[in-house]
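What follows is a single structure, written as structure tokens, with notes after it.
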Amino acid sequence: MADILSSRLSLGDVEEIAALYVMNWYLETKRPAFFGYCFDILLYGFLTVQVYLYHLAFPNNGILTKMAVYLVYIIGSIQTIFALRDFYELFCFPGRLVQAKPILLSDLHAFGFMWLTIPVSSALVAVTVQLFYAQRIWIVSHSKGIALTVAFLALAQLGCGIFSAIVTYASMQPPPHGGLESRKSGVNALLELFAIL
2 MADILSSRLS LGDVEEIAAL YVMNWYLETK RPAFFGYCFD ILLYGFLTVQ VYLYHLAFPN
62 NGILTKMAVY LVYIIGSIQT IFALRDFYEL FCFPGRLVQA KPILLSDLHA FGFMWLTIPV
122 SSALVAVTVQ LFYAQRIWIV SHSKGIALTV AFLALAQLGC GIFSAIVTYA SMQPPPHGGL
182 ESRKSGVNAL LELFAIL
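Under this note's numbering, think of the first position of the sequence shown as 2, with each following residue one higher.
Here's what the structure looks like:
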């Protein structure tokens, strides 16, 4: 059987079949990321429409409320810009379909700026909204204890989000000498993070 197949297939046919197989494998492993990026852009469109409608419907709101809404929109915009950059790197970069070392599905969490945008942007949005709610709780109930508890937990969540980005960034870096004991410390990773930004 192998003699019959080898006599009918040329070397070019075998290379074309191998390239199609690699391309099919690549697209199968990248499909969840593709739908995730598309969903992110869809949700950004919803956010844009909501902010525009808010701007039209409530022009007389207080400055604190407007700042909270626009800050969440700015954070969402920056996160979407980083996501589109990662999308371009993953799907649109020439020659990325067939490469010597393809990015595995398990490595997508460490690809591009995902290590930064997911934990930090979600923590920034959460702290903005929760501090706004803490301010509203204080206005309605005049209870400083509850408002301060909500504010403290919101700031702790922000710290954990930033720490998560630092730990993820540090774990992505290959050890310089191949040993696990030589991984970067969190302080060095934080300094490199600020150097990148």
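Ideal Cβ placement from N, Cα and C applies to all residues, glycine included.
> Where do the ends of the alpha helix (DSSP H) carrying residue 63 lie?
Replying inline: As a working note, residue 63 is residue 62 in the sequence shown. Note, residue 63: premise wrong, no alpha helix (DSSP H); not H, not E.
>> If you reduce the DSSP assignment to three classes, tell me which class residue 88 lands in.
In response: For the purposes of this step, residue 88 is identified with residue 87 of the sequence shown, where counting begins at 1. Reduced to three states, the DSSP call for residue 88 is helix.
> Counting along the chain, where does the alpha helix (DSSP H) carrying residue 142 start and finish?
Replying inline: The sequence position of residue 142 within the sequence shown is 141, counting from 1. Unbroken alpha helix (DSSP H) run through residue 142: 123-142.
>> Quick check: the Cα distance between residue 71 and residue 32, rounded to an integer number of angstroms?
In response: If you number the sequence shown from 1, residue 71 lands on position 70. If you number the sequence shown from 1, residue 32 lands on position 31. Approximately 32 Å, taken between the alpha carbons.
> Contact between the region 142-151 and the region 116-130: three or more CB pairs below 8 Å?
Replying inline: no
>> Do residue 155 and residue 132 have their beta-carbon atoms positioned less than 7 Å apart in this structure?
In response: For this step, residue 132 is matched to residue 131 along the sequence shown. For this step, residue 155 is matched to residue 154 along the sequence shown. For residue 132 and residue 155, yes; Cβs fall inside 7 Å.
>> Can you give me the C-alpha to C-alpha distance between residue 140 and residue 90, rounded to a whole angstrom?
In response: What you label residue 140 is simply residue 139 of the sequence shown in a count that begins at 1. What you label residue 90 is simply residue 89 of the sequence shown in a count that begins at 1. Cα to Cα, the separation comes out at about 47 Å.
> What number of angstroms, rounded off, separates the C-alpha of residue 172 from the C-alpha of residue 58?
Replying inline: What you label residue 172 is simply residue 171 of the sequence shown in a count that begins at 1. What you label residue 58 is simply residue 57 of the sequence shown in a count that begins at 1. Their Cα atoms are separated by approximately 46 Å.
> Which class does residue 77 belong to by DSSP, given the choice of helix, strand or coil?
Replying inline: Along the sequence shown, one-based indexing puts residue 77 at 76. Here residue 77 sits in helix by DSSP.
>> Measuring alpha carbon to alpha carbon, tell me which residue in 169, 162, 42, 49 is nearest residue 113.
In response: For the purposes of this step, residue 113 is identified with residue 112 of the sequence shown, where counting begins at 1. Residue 169 is the option with its Cα nearest to residue 113.
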